[in-house]
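The structure appears below as structure tokens.
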Amino acid sequence: YMATPAMVAGPLRASPSGITPPDHTVPPPGTIKAAFFDVGNVILPFDYHRASRRLVEHSDKSEDEIYTVLTAGDHAKQFERGEITSDEYYRWLTTPEGIGLTMPYAAFAIAFKDIFTIDEGTVDAMKRLRGAGYRIYIVSNTNPLHKEHFLARYAAIFSLTDGFVASYEVGMMKNDKRIFEIALKSAGLEGKEVVYFDDVPAYVKNAMSYGIHAREFYQGVEPVPYITQALRDAARESVRASASGFVNQI
């Protein structure tokens, strides 16, 4: 996972009597059949400082330098594109060109993986969507150490999903929009049948290029009403698009 700027929540909807209560009702599947989710900062908030603060005790680099290497370095990107293995990434970190890490691999792996917490609101929304009959897929910039951690530590969450497109397994990150084509093909769906949630605007835009109803996931948003409203909005958009297409054929 690469670090991204924090977002702020959008405004609440107002009514003549004041602020309307959030709507937690999940609309039944119809034209929208599935929800695609990013992991980091959508399902699992993360903070690489949790790792860099532990690694700095075993490196001659500063904590800020280590944080930058872990979040924005070329080798971190190669790791998430699957161009290098976990062992190769670790061995590079032990070199002077890396961070001169002296920590054993097993200890490094623990520190590197222990950066996530749970957004209980998003998990609640996923459970509601699953219960209503929606299919759920993951599209994630990630690496083998983190995916392994997700499936072990958060097994109950990821058991809700029908598929997982990981950047390191398909050889591209979400700055390459083709990853969304791969995700749609793996799910057997068209973009117009999917709502996608990601905290990075550029990835939202890339998903939209395949007709996906993509929504930016803001820090501080209340997940259940935000996600269920997105489903309702996407269904209306699909109906309008179908009606427009029909009219244009007449």
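In the numbering used here, each residue's number is its place in the sequence shown (first place is 1) plus 62. The beta carbon of each residue, even a glycine, is placed where N, CA and C say it ideally should be. Values in this document were obtained by computation on a predicted structure and should not be read as measured data.
Can you find the residues in the same chain that come closer than 6 Å, C-beta to C-beta, to residue 308, ignoring five residues on each side of it along the sequence?
If you number the sequence shown from 1, residue 308 lands on position 246. Low confidence applies here, because residue 308 scores a pLDDT of 42, under 50, leaving its location unreliable and the question unanswered by this model.
Touch check for the segment 201-221 and the segment 141-158: three-plus C-beta pairs under 8 Å?
Touching, yes.
Can you grab the Cα-Cα spacing for the pair residue 174 / residue 246, in whole Å?
Here residue 174 corresponds to residue number 112 of the sequence shown, with the count starting at 1. Here residue 246 corresponds to residue number 184 of the sequence shown, with the count starting at 1. Taking the straight line from one Cα to the other gives about 30 Å.
Classify residue 117: buried if its beta carbon has 16 or more other beta carbons within 10 angstroms, exposed otherwise.
Within the sequence shown, the letter at position 55 stands for residue 117. So residue 117 counts as buried.
Where do the N-terminal and C-terminal ends of the alpha helix (DSSP H) with residue 212 fall, by residue?
Mapped onto the sequence shown, residue 212 falls at position 150. From DSSP, the alpha helix (DSSP H) with residue 212 extends over 206-215.
Are the CB atoms of residue 180 and residue 108 nearer to each other than 7 Å?
Stepping through the sequence shown from its first residue, residue 180 is reached at position 118. Stepping through the sequence shown from its first residue, residue 108 is reached at position 46. No; because the gap between Cβ atoms is not below 7 Å, this pair is not in contact.
Where does residue 117 fall in DSSP's three states?
Locating residue 117 in the sequence shown gives position 55, where the first residue counts as 1. Residue 117: helix per DSSP, three-state reduction.
In terms of residues, what are the limits of the beta strand (DSSP E) holding residue 202?
The count along the sequence shown starts at 1 and reaches residue 202 at position 140. Where residue 202 is concerned, the enclosing beta strand (DSSP E) stretches over 197-202.
So within the segment 160-196, which uninterrupted alpha helix (DSSP H) runs reach at least 4 residues, ignoring any that extend past its ends?
Listed in chain order, the complete alpha helix (DSSP H) runs (minimum 4 residues) inside the segment 160-196 are 167-175 and 182-194.
Going by DSSP, name the residue or residues bridged to residue 127.
For this step, residue 127 is matched to residue 65 along the sequence shown. The partner list for residue 127 (beta bridge, DSSP) is empty, contrary to what the question assumes.
Could you check how far apart the C-beta atoms of residue 256 and residue 244 are, in whole angstroms? I think they sit under 8 Å.
Taking the first residue of the sequence shown as position 1, residue 256 is located at position 194. Taking the first residue of the sequence shown as position 1, residue 244 is located at position 182. Not really, about 13 Å apart at Cβ, beyond 8 Å.
Can residue 198 and residue 97 be called in contact, C-beta distance under 7 Å?
Working through the sequence shown from its first residue, we reach residue 198 at position 136. Working through the sequence shown from its first residue, we reach residue 97 at position 35. Yes, Cβ-Cβ distance for residue 198 and residue 97 is below 7 Å.
Could you pull the DSSP bridge partners for residue 106 from this structure?
On the sequence shown, position 44 is the one that residue 106 refers to. Partner(s): 102.
Can you tell me where the beta strand (DSSP E) with residue 278 in it begins and where it stops?
Mapped onto the sequence shown, residue 278 falls at position 216. Start and end: 275-278.
What span of residues does the beta strand (DSSP E) with residue 260 cover, start to end?
Working through the sequence shown from its first residue, we reach residue 260 at position 198. Residue 260 -> beta strand (DSSP E) spans 256-260.
For residue 209, count neighbouring Cβ atoms within 10 angstroms of its own Cβ and tell me buried if that reaches 16, exposed if not.
On the sequence shown, residue 209 is found 147 positions in, with the first residue counted as 1. With 16 or more Cβ atoms within 10 Å of its Cβ, residue 209 is classed as buried.
Do you know whose CA, among 212, 189 and 239, lies nearest residue 226's CA?
Position 164 of the sequence shown, counted from the first residue, corresponds to residue 226. When each option's Cα is compared against that of residue 226, the closest is 212.
Kindly indicate the opening and closing residues of the alpha helix (DSSP H) around residue 232.
Here the question's residue 232 lines up with position 170 in the sequence shown. Residues 229-232.
Near residue 219, which residues of its chain fall below 6 Å by C-beta distance, leaving aside the five closest residues on each side in sequence?
On the sequence shown, position 157 is the one that residue 219 refers to. Within the same chain, residue 219 has close Cβ partners 185.
Per DSSP, what kind of secondary structure is residue 144 in: helix, strand or coil?
Residue mapping note: residue 144 aligns to position 82 of the sequence shown, counting from 1. Coil, per DSSP.
Could you tell me the distance, in whole angstroms, from the CA atom of residue 285 to the CA atom of residue 224?
For the purposes of this step, residue 285 is taken as the residue at position 223 of the sequence shown. For the purposes of this step, residue 224 is taken as the residue at position 162 of the sequence shown. Between residue 285 and residue 224, the C-alpha separation is close to 20 Å.
Residue range of the alpha helix (DSSP H) that residue 222 falls in?
By 1-based counting over the sequence shown, the position of residue 222 is 160. Looking at the DSSP string, residue 222 is not in any alpha helix (DSSP H), and its letter there is neither H nor E.
Could you tell me which of 242, 125, 140 and 283 sits nearest to residue 266, measuring between CA atoms?
If you number the sequence shown from 1, residue 266 lands on position 204. It is 242 whose Cα lies nearest to the Cα of residue 266.
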